[in-house]
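Visitor: Before anything else, here's the structure in question.
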Amino acid sequence: MSRFRGETVHRLPYASTIRNAHGAETVLRGIPVPVDHAGFDPGQSVETFDGGQRVASAPVLYLGFGQAADARDQWRCRGSLYEVDGEIDRWRNPYTGRGVGTVITLRRVSG
């Protein structure tokens, strides 16, 4: 049994995209799938420093290496809905080749 417990998040898998009679696209999602043992970093707020420099960090989701994930999926973490921002990174140990984990940068979905 792993000592890492993490938290449970929900994956809303991409199913398909359809167009209505007016040509507007609608994304269809599958049934939410619970994913245990996740690590979630909610990110930080934007801060302005002297000189006008701004710092912001995006929310990040950490999962096991073999976890199913697609760039078109949405994720529900701590009650908020997020979509994938960019590519999904799957990390391997460079010395052993063992799959270490999956890192997904997220962006919050409003509405």
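Numbering-wise (the numbering used here), the sequence shown opens with residue 21 and increments by one.
Idealized CB from N, CA, C, for every residue including glycine.
Any chance the segment 77 to 86 sits against the segment 56 to 65, with 3 or more Cβ pairs inside 8 Å?
Guide: Touching, yes.
Visitor: Express the C-alpha separation of residue 41 and residue 111 in angstroms, rounding to a whole number.
Guide: When rounded, the distance between both Cα atoms is 43 Å.
Visitor: Rounding to the nearest angstrom, what Cα-Cα distance links residue 99 and residue 57 in this structure?
Guide: Near 16 Å, if we compare the C-alpha coordinates of residue 57 and residue 99.
Visitor: Between which two residues does the beta strand (DSSP E) harbouring residue 37 extend?
Guide: From DSSP, the beta strand (DSSP E) with residue 37 extends over 34 to 39.
Visitor: Give me the residue from 25, 54 and 84 with the minimum Cα distance to residue 120.
Guide: Nearest C-alpha to residue 120: 84.
Visitor: What three-state label does DSSP hand residue 60 in the structure shown?
Guide: Three-state result, residue 60: strand.
Visitor: What three-state label does DSSP hand residue 127 in the structure shown?
Guide: Three-state DSSP puts residue 127 in a strand.
Visitor: Would you kindly check if the distance between the Cβ of residue 28 and the Cβ of residue 14 is under 8 Å?
Guide: It is not possible to answer for residue 14, since the shown part of the chain is limited to 21 through 131.
Visitor: Report the rounded CA-to-CA distance for residue 87 versus residue 109, giving the unit in angstroms.
Guide: About 12 Å.
Visitor: Buried or exposed: which applies to residue 118, given that a residue is buried once 16 or more other Cβ atoms fall within 10 Å of its Cβ?
Guide: Exposed, by the Cβ-count rule.
Visitor: Out of curiosity, what's the CA-to-CA distance linking residue 47 and residue 35?
Guide: The alpha-carbon atoms of residue 47 and residue 35 are separated by roughly 8 Å.
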